[in-house]
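Protein chains in written order, with our numbering: chain A, 40 to 185; chain B, 40 to 185; chain C, 13 to 89; chain D, 13 to 89.
This report refers to the structure that appears directly beneath it.
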Amino acid sequence: MKIEVRAAALDPWREVADYEQAQTALHGAAGAAAVFVGSMRDLNEGDAISAMTLEHYPGMTEKHLAKICTAAADRWDLLDTLVVHRVGELHPADPIVLVAVWSAHRKDAFEACRHIMEDLKSNAPFWKKEQLQSGHRWVEKNTAGY
Amino acid sequence: MKIEVRAAALDPWREVADYEQAQTALHGAAGAAAVFVGSMRDLNEGDAISAMTLEHYPGMTEKHLAKICTAAADRWDLLDTLVVHRVGELHPADPIVLVAVWSAHRKDAFEACRHIMEDLKSNAPFWKKEQLQSGHRWVEKNTAGY
Amino acid sequence: MTVAVKFFASLKEQLGCDGATVEIGEVATAADVWLQASGGKAMPGNVLVAINMEYSGQNATVHDGDEVAFFPPVTGG
Amino acid sequence: MTVAVKFFASLKEQLGCDGATVEIGEVATAADVWLQASGGKAMPGNVLVAINMEYSGQNATVHDGDEVAFFPPVTGG
Numbered sequence: 040m041k042i043e044v045r046a047a048a049l050d051p052w053r054e055v056a057d058y059e060q061a062q063t064a065l066h067g068a069a070g071a072a073a074v075f076v077g078s079m080r081d082l083n084e085g086d087a088i089s090a091m092t093l094e095h096y097p098g099m100t101e102k103h104l105a106k107i108c109t110a111a112a113d114r115w116d117l118l119d120t121l122v123v124h125r126v127g128e129l130h131p132a133d134p135i136v137l138v139a140v141w142s143a144h145r146k147d148a149f150e151a152c153r154h155i156m157e158d159l160k161s162n163a164p165f166w167k168k169e170q171l172q173s174g175h176r177w178v179e180k181n182t183a184g185y
Numbered sequence: 040m041k042i043e044v045r046a047a048a049l050d051p052w053r054e055v056a057d058y059e060q061a062q063t064a065l066h067g068a069a070g071a072a073a074v075f076v077g078s079m080r081d082l083n084e085g086d087a088i089s090a091m092t093l094e095h096y097p098g099m100t101e102k103h104l105a106k107i108c109t110a111a112a113d114r115w116d117l118l119d120t121l122v123v124h125r126v127g128e129l130h131p132a133d134p135i136v137l138v139a140v141w142s143a144h145r146k147d148a149f150e151a152c153r154h155i156m157e158d159l160k161s162n163a164p165f166w167k168k169e170q171l172q173s174g175h176r177w178v179e180k181n182t183a184g185y
Numbered sequence: 013m014t015v016a017v018k019f020f021a022s023l024k025e026q027l028g029c030d031g032a033t034v035e036i037g038e039v040a041t042a043a044d045v046w047l048q049a050s051g052g053k054a055m056p057g058n059v060l061v062a063i064n065m066e067y068s069g070q071n072a073t074v075h076d077g078d079e080v081a082f083f084p085p086v087t088g089g
Numbered sequence: 013m014t015v016a017v018k019f020f021a022s023l024k025e026q027l028g029c030d031g032a033t034v035e036i037g038e039v040a041t042a043a044d045v046w047l048q049a050s051g052g053k054a055m056p057g058n059v060l061v062a063i064n065m066e067y068s069g070q071n072a073t074v075h076d077g078d079e080v081a082f083f084p085p086v087t088g089g
């Protein structure tokens, strides 16, 4: 299991490929990998967004993400989990979050990946501030995931 | 939308990265990418599997996969879909199938990705023959996905 | 009329044949095509049928020039 | 006793402060800490509270040396 909050740019597919390659216990055991990547859109609530700043609560964020992944591993039959989340300044199309889950079977991988993502959006202490032409605004709530 | 049945090796994360990079309409519009990769396990129903041969029905397979993806695009709000499936001889840990779905929002991406994968497993004309120490056997049914 | 028949996977192995061109009377169903192409064998209960690459029932009518495929339950993904 | 207070995101901007060290009586809740750290402002209804990086209620008891954080609804992912 790996959890990372990162200020540097994220190349999510490279990240998944490198992690999977390094975790040799997955090879031949993981029949299923379910991956979610959330990226920055250039539009939100009808307004053009030129940039975004992601703030977090250092320490609590990592602790909470680890708790989410551990809870998922208790509930589903998982082989490994990787979560990487950006903080700092982002621009449209930049990847924000990566959640990857490996399991022997697809049901567990799909369900755990979605659950981790929803739990992260609902509870992990991150905050988005959007840069609009007219100034900035804090995002007040996330869109529904189910 | 891209559908491919491929006899050559599949590097799924590279495939997703290259496709996403090339589809410039996704950049800034796709807030969500949901990806599933199914890989060959070295164990099935308690037996060690050393290799597998994937047969398909050329023509019908591609046609049916396109139909599945089009049906998903009618049901969910999707920006793009990529499906690549291996045929031929595979070995443990080799990726078999890649399903990637892009959408503005995560709900559509998650649900469509899982649905496409289930429809593919239930209906797309592929057949697996496993190589065991004691000879070979055809896989008779898939494990449940829900 | 003439139809092209295809067999796949375990069915192909059991019949020792991956396909055939079959001459059959003008009014025929997929099941009739099976009987003629398989040399009168009973069709296993789990066999799937596709006509011109679309899933069909065994009792679907076949037309001249059709491609009729028979195969076991699919196991891709 | 002494507690460390942290404010995040829009709350930090509204209060013009990212945190403080607060001296408070021996029996205190997170809500008491808020009142003292915010200079007596009413706590907005949607504010979340964490004590030592675990979510807590406003009425949870605070102990000497605790870190008490206040922040708006989270919007990551």
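For glycine and all other residues, C-beta sits at the position ideal for the given N, C-alpha and C.
Neighbour list for residue i in chain B, Cβ cutoff strictly below 8 Å
i       : result
A143(A) : R80
Same chain only: Cβ atoms within 8 Å of residue i, ignoring 5 sequence neighbours per side
i       : result
T41(C)  : Q70, N71, A72, T73 and V74
A87(B)  : D81, L171 and Q172
V178(B) : N83, W166, K167, K168 and E169
Span separating the alpha-carbon of residue i from that of residue j
i       : j       : result
L171(A) : T92(A)  : 12 Å
F19(C)  : C29(C)  : 7 Å
T33(D)  : V122(B) : 56 Å
P56(D)  : C152(A) : 33 Å
G77(B)  : L129(B) : 12 Å
A105(B) : A111(B) : 10 Å
K41(B)  : G184(B) : 24 Å
G98(B)  : E79(C)  : 12 Å
T87(D)  : V126(B) : 43 Å
G67(A)  : H124(A) : 28 Å
Q60(A)  : A143(B) : 30 Å
E150(A) : V140(A) : 9 Å
A47(B)  : S89(B)  : 19 Å
A59(D)  : E101(A) : Residue identity check: residue 59(D) is Val in the sequence provided, not Ala. V59(D) and E101(A): Cα-Cα distance of roughly 21 Å.
A72(A)  : A148(A) : 6 Å
V17(C)  : D50(B)  : 35 Å
W52(A)  : T182(B) : 27 Å
T63(B)  : V44(A)  : 27 Å
V45(C)  : T14(C)  : 10 Å
S50(D)  : Q26(D)  : 10 Å
Below-8 Å beta-carbon distance, residue i vs any chain B residue
i       : result
K146(A) : yes
F82(C)  : no
A43(C)  : no
R153(A) : yes
A64(A)  : no
A68(A)  : yes
Any chain A beta carbon closer than 8 Å to residue i
i       : result
M156(B) : yes
H124(B) : no
A71(B)  : yes
A61(B)  : no
A132(B) : yes
Under 7 Å from the C-beta of residue i: neighbouring residues of chain C
i       : result
G98(B)  : M65
K180(B) : P85 and T87
Contacts around residue i, its chain only, beta-carbon distance under 7 Å, and the 5 residues preceding and following it disregarded
i       : result
D158(B) : I107
A132(A) : S78 and M79
Q48(D)  : V34 and I36
E38(C)  : M13
Contact set between residue i and chain B, taken where Cβ atoms lie within less than 7 Å
i       : result
G85(A)  : Residues of chain B passing the Cβ test: none, with the nearest at roughly 13 Å.
G184(A) : R145 and K146
A62(C)  : M99
V74(A)  : V74
Close beta carbons around residue i, own chain, < 6 Å, minus the five adjacent residues each side
i       : result
P84(C)  : A21, S22 and L23
R114(B) : none
E94(B)  : W166
A138(A) : What sits at residue 138(A) in the sequence shown is Val, not Ala. Here the set comprises F75, V122, C152, I155 and M156.
T120(B) : M40, C108 and V140
H103(A) : A163
A69(A)  : L118 and W141
Min CB distance residue i to chain D below 8 Å
i       : result
K160(A) : yes
V136(A) : yes
Within chain A, partners of residue i - CB distance below 8 Å
i      : result
A21(D) : E94, W166, K168 and W177
In DSSP terms, what residue i is bridged to
i       : result
N71(C)  : Paired residue(s): none; N71(C) is not in a bridge.
K167(B) : L93(B)
N58(D)  : Answer by DSSP bridge pairing: none, since N58(D) is not bridged.
N83(A)  : D86(A)
E79(C)  : A16(C)
K180(A) : BP columns for K180(A) are empty, so no partner.
Under 8 Å by beta carbon: chain D residues contacting residue i
i      : result
G77(A) : G89
Chain-ordered neighbours of residue i on chain A, where CB pairs are closer than 7 Å
i       : result
V86(D)  : N162, A163, P164, F165 and W166
G127(B) : Near G127(B) there are no residues of chain A at all, since even the closest Cβ is about 18 Å away, more than 7 Å.
Partner residues on chain A for residue i, Cβ-Cβ distance less than 9 Å
i      : result
R53(B) : W52, R53 and A56
Any chain C beta carbon closer than 8 Å to residue i
i      : result
K41(B) : no
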